[in-house]
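Residue numbers for the sequence shown follow this note's numbering, so the first one is -16 and each next one is one higher. For glycine and all other residues, C-beta sits at the position ideal for the given N, C-alpha and C. Input: a single structure, listed below in C-alpha cells.
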Amino acid sequence: MTAREAAKHLVVTSRAVRYMIARGELVAQRRGDGWRISTASVRKRLRAMR
-16 MTAREAAKHL VVTSRAVRYM IARGELVAQR RGDGWRISTA SVRKRLRAMR
C-alpha cells in the first residue's frame, strides 16, 4: 500500500468514525496508544454507507 493510498484510507476511516461518534454507535476502548476502534463494526458501517 502506497503512502497516498494509506492516507486516503485514513481519511475515509476517520470520516466514518466521526460520523459514528456523532450517532453514538462507536464501540471504542480508551488505550494508552489512543482510541482502538472495533474494526468489525467499522467495516460494517463503511459497507453500509457505500
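query                                                                                                                  : result
Is the separation between the beta-carbon of VAL75 and that of ALA(-14) shorter than 8 Å?                              : The question about residue 75 has no answer, for the chain in this structure spans -16 to 33.
Run through DSSP, which three-state label would THR(-15) get?                                                          : coil
Between the alpha carbons of ALA31 and TYR2, how many angstroms are there, rounded?                                    : 13 Å
Compute the Euclidean distance between the alpha carbons of LYS27 and GLU(-12), then round it to the nearest angstrom. : 20 Å
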